[in-house]
Ligand code: ATP
Ligand code: MG
């Protein structure tokens, strides 16, 4: 019937037009899962099977949600605006805003991103006088989030020892602090909305009746709680409940460390008695060589649901591999290659530079910047995470919710107004005694600290009154001036860029108003819209924020690249210890997750894939020598085209030689061999009397200074002097 279905293969068409029943589309990368999901939404609406308001679709990132809305707008005459399409966090935020009272939250509750959450935990430890060496804030954060993601409130956590009991106590205190301050962290968004639906039957019934179709992209990366949340909305799969349509790829499950469970796919099939399991095997994205490499790599993993991808596009380009002397050389080479691609007519926006860890981006950024190539970093320090923006947002948050202690602590003395650490400490002590927020405690304080702090409170009060009648962008502007932020950065030597960012915040507010689907009622209450804007800012910061624009080279971690595709992909840092990451090497499951990550990376490329590694690299302030990644060795040699440097491998040079051009490399030359380590090699298993068994991950120095770095698993990663430590090969 409709042209919507014109460009689908048989299996895709079957999936798109399934009757309203539960379905699982299980398929490899680039086989059209996302396309099928989007087309199904359009098809359901177009054929009148469902009203746009009866749909709920979950995407993995805000960027994906925006793209889906854009594609739907192009396919359909109706505006998809009111539709519930977004990330789990975005959808939960929407639910909690609509029912804040039932959820036990203040109307203008604020969202803590993970940086804010860490700050809040540090503050808590300080108030409680807890040794943060014994209870490192990051561990505690991980513990709390892990429990929330498993659906556990403190009372439900099994405390098997004193240490855990203490952590549970801190979890309880942390919850009390958040509640007092009217803030929720990311994991809380989900848990709170889950509990809201679970406990509130009329509300649950309402949404269960409303949503006829629930569609989930990247289903393999949902965690337990997200799965339960979906189950609740779909009325456990009962007759009359929503049809749950999930698409995913077990080979691309890369968030196990964040609690995602591939087991959800099996549970879904069983618990929902899914009759429709459709596999898509034709890949439309990548050339044959790229696909063969991906298939070959992932075959090294055990326990796969099993599928194979094929393409009718022909072999295409070979995979180009380059081994550099140093990370600096690697970056220079990549930049030269990008320049030559662009000279040949490639669009910069279609070139992606991927890396395993964020820290790798700095060297790459530096080279791109020096060469004058526009680039955009997804992830890393994103706009909403920059210092000046966080300061500005903190003022705005205080206006929306004075009990937000994180915001209070951030700006009470910024710009400096003579409020010292001592005053703040006595304020915190008093807040603890009165069990009130910092803001509300100020009037209880006497003496000089009381006077200065009261001035700050007056400033915030004045700003709140003055901004009440203003539209959002003017409100923001007024606060930037009134709080003294503009003057502060004007006076700062390097403040220009920060001022530009503050201007950008005004643009962000104006855009937000233009794109907002807030009703007339909300628009009349600027502070309510402000809360929406702040929620938006927190969610964007938690995601790799998509600044659109086709003309910049795209930099991101492999994790952030999931679901995306580019004509040319550079995958850098293919070294043992880096990719696979050193923390994962000793453990089969960890290694398999790294391999899935590698599979994701390789399958992002349409036409060209480059893989690079460096013989030496500066990492954490040290020069490291890592061997080539095993993943590189897992690709059949015939698919690779080595672009070797003209010089043999240097044993210890880190500076490298600059300026050779990519055309001067000998193609197909074998890579240089690596230096010896007194009979040991990197990647070798060794045993040590005290630390047990481990794997050599790096080496440096020579002669009596020669040292190796060994990952001993539970005993940690150690540097050992070869001449002193006794290491037996195993
Ligand atoms: P990933 O696992 O990486 O998320 P995916 O399975 O979601 O991949 P899509 O992104 O939906 O795959 O599709 C990959 C590419 O193939 C897209 O450019 C899409 O437009 C194209 N494509 C999908 N199906 C077809 C088809 N039947 N004909 C032509 N192109 C197609
Ligand atoms: Mg996809």
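In the UniProt record's numbering, the protein residues as written are 1 to 730.
Cβ coordinates follow ideal geometry from the N, Cα and C atoms, glycine included.
All figures in this text were calculated on a predicted structure; none of them were measured in a lab.
Which value, in whole angstroms, describes the spacing of the CA atoms of residue i and residue j?
{"i": "residue 516", "j": "residue 280", "result": "37 Å"}
{"i": "residue 325", "j": "residue 699", "result": "15 Å"}
{"i": "residue 84", "j": "residue 52", "result": "9 Å"}
{"i": "residue 92", "j": "residue 169", "result": "27 Å"}
{"i": "residue 437", "j": "residue 187", "result": "22 Å"}
{"i": "residue 527", "j": "residue 508", "result": "16 Å"}
{"i": "residue 343", "j": "residue 370", "result": "18 Å"}
{"i": "residue 293", "j": "residue 568", "result": "15 Å"}
{"i": "residue 512", "j": "residue 502", "result": "15 Å"}
{"i": "residue 304", "j": "residue 152", "result": "30 Å"}
{"i": "residue 142", "j": "residue 316", "result": "44 Å"}
{"i": "residue 391", "j": "residue 397", "result": "10 Å"}
{"i": "residue 221", "j": "residue 15", "result": "21 Å"}
{"i": "residue 348", "j": "residue 723", "result": "50 Å"}
{"i": "residue 571", "j": "residue 372", "result": "21 Å"}
{"i": "residue 551", "j": "residue 341", "result": "13 Å"}
{"i": "residue 406", "j": "residue 618", "result": "35 Å"}
{"i": "residue 634", "j": "residue 387", "result": "43 Å"}
{"i": "residue 333", "j": "residue 601", "result": "20 Å"}
{"i": "residue 412", "j": "residue 389", "result": "15 Å"}
{"i": "residue 434", "j": "residue 420", "result": "21 Å"}
{"i": "residue 101", "j": "residue 107", "result": "7 Å"}
{"i": "residue 538", "j": "residue 362", "result": "24 Å"}
{"i": "residue 338", "j": "residue 573", "result": "17 Å"}
{"i": "residue 586", "j": "residue 694", "result": "8 Å"}
{"i": "residue 357", "j": "residue 59", "result": "23 Å"}
Are the beta-carbon atoms belonging to residue i and residue j less than 8 Å from one another?
{"i": "residue 473", "j": "residue 510", "result": "yes"}
{"i": "residue 417", "j": "residue 457", "result": "no"}
{"i": "residue 816", "j": "residue 641", "result": "Nothing can be reported for residue 816: it is not among the residues displayed for the chain, which extend from 1 to 730."}
{"i": "residue 278", "j": "residue 242", "result": "no"}
{"i": "residue 124", "j": "residue 174", "result": "yes"}
{"i": "residue 26", "j": "residue 13", "result": "no"}
{"i": "residue 557", "j": "residue 29", "result": "no"}
{"i": "residue 561", "j": "residue 286", "result": "no"}
{"i": "residue 54", "j": "residue 204", "result": "no"}
{"i": "residue 415", "j": "residue 488", "result": "yes"}
{"i": "residue 246", "j": "residue 24", "result": "yes"}
{"i": "residue 555", "j": "residue 244", "result": "no"}
{"i": "residue 96", "j": "residue 148", "result": "no"}
{"i": "residue 252", "j": "residue 596", "result": "yes"}
My output table needs one value for residue i: the three-state DSSP class, helix, strand or coil.
{"i": "residue 607", "result": "strand"}
{"i": "residue 729", "result": "strand"}
{"i": "residue 700", "result": "strand"}
{"i": "residue 307", "result": "coil"}
{"i": "residue 667", "result": "In this prediction, residue 667 has a pLDDT of 31, which is less than 50 and means its spatial position is unreliable; what the coordinates show is noted afterwards. Strand."}
{"i": "residue 501", "result": "helix"}
{"i": "residue 566", "result": "strand"}
{"i": "residue 275", "result": "coil"}
{"i": "residue 548", "result": "Bear in mind that a pLDDT of 47 at residue 548, under 50, signals an unreliable position, so the model cannot answer this."}
{"i": "residue 447", "result": "helix"}
{"i": "residue 718", "result": "strand"}
{"i": "residue 319", "result": "strand"}
{"i": "residue 585", "result": "coil"}
{"i": "residue 103", "result": "coil"}
{"i": "residue 185", "result": "strand"}
{"i": "residue 656", "result": "With a pLDDT of 33 at residue 656, under the threshold of 50, the modelled position of this residue cannot be trusted; read the value that follows with caution. Coil at residue 656, not helix or strand."}
{"i": "residue 574", "result": "coil"}
{"i": "residue 417", "result": "coil"}
{"i": "residue 302", "result": "coil"}
{"i": "residue 635", "result": "coil"}
Would residue i count as contacting chain D if we go by Cβ distances under 8 Å?
{"i": "residue 533", "result": "Looking at the structure shown, chain D is missing, and only one protein chain is on hand."}
Problem set entry | Complete runs of the alpha helix (DSSP H) confined to the region 27-95 [at least 4 residues] | Those alpha helix (DSSP H) runs which fall completely within the region 27-95 and span 4+ residues are 33-46 and 62-75.
Problem set entry | Complete alpha helix (DSSP H) runs within the region 224-259 (minimum length 4 residues, chain order) | 224-233
For this session: Would you check if the region 414-425 and the region 493-506 touch, i.e. whether three or more CB-CB distances between them fall below 8 Å?
Result: no
Exercise. At a cut of 8 Å, does the region 298-310 reach the region 576-584 through at least three beta carbon pairs?
Worked result: Proximity of the region 298-310 to the region 576-584 falls short of the contact definition, fewer than three beta-carbon pairs being nearer than 8 Å.
Problem set entry | Completely contained alpha helix (DSSP H) runs for the region 128-161, where each covers 4 or more residues | 137-149
Exercise. Per the contact definition of three or more C-beta pairs closer than 8 Å, is the region 197-206 in contact with the region 127-144?
Worked result: Three or more Cβ pairs closer than 8 Å define a contact, and the region 127-144 falls short of that threshold against the region 197-206.
Problem set entry | Sufficient close CB pairs (3 or more, under 8 Å) joining the region 481-494 to the region 437-446 | no
Problem set entry | contact_flag[the region 230-238, the region 32-44] where n(CB pairs < 8 Å) is 3 or more | no
Exercise. Per the contact definition of three or more C-beta pairs closer than 8 Å, is the region 605-612 in contact with the region 266-274?
Worked result: no
Exercise. When the Cβ atoms of the region 103-119 are set against those of the region 177-184, are three or more pairs found closer than 8 Å?
Worked result: yes
Exercise. Is there contact here, the region 620-640 with the region 686-701, by at least three beta-carbon pairs under 8 Å?
Worked result: yes
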